[in-house]
Amino acid sequence: MTNLKKINKKRRLITAALPYINNVPHLGHMVGCHLPADIFARYCRIKGYETLFVGGTDENGSTSEIAALKLGVPLEEFSDKLHQEHKKIYEWFEISYDNFSRTTKEIHHKTVKEFFKKIYENGYIKKDKIKVFYSPKDDIFLPD
């Protein structure tokens, strides 16, 4: 068991929801997601907390795949372009990310696998069945 006295209570890990890259970000992304997280990260830094503020783009959703298909562009090329667009916009707004990454990076895959393994081992994951929309013609799962 973890010795609670050893835990640094002055540490904060902050993240904002990772937007799909099916398009450039809009004002709703800023005011509903990135700006509130940025304000909190800045507050934590001012208060002296060791703060890590992470964000990025979600490139794994079917919305991104469909957007790339509509443009006739390979998904990887589409993802690269849109990730850079998102990054430029957040930099322009001076969002203070310590790490702005992508869900397609190997470090993301490794971290997510480790996280899910731990929560599975601790009994926090249950097996279930759900119905999802699927296009046999395009061989892809569809968004809600």
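Sequential numbering from 33 applies to the sequence shown in this note's numbering. Think of the CB as a built atom: it goes at the ideal place given N, C-alpha and C, for glycine as much as any other residue.
DSSP places Asp90 in the strand class (E or B) of the three-state scheme. By the 16-neighbour rule on beta-carbons within 10 angstroms, Thr135 is buried. In its chain, beyond the 5 residues on either side, no residue has a beta carbon closer than 8 Å to the beta carbon of Lys161.
Counting along the chain, the unbroken alpha helix (DSSP H) around Phe72 starts and ends at 67-78. For Tyr122, the three-state secondary structure derived from DSSP is helix. Taking 9 Å as the cut-off, the Cβ atoms of Tyr152 and Gly87 do not count as close.
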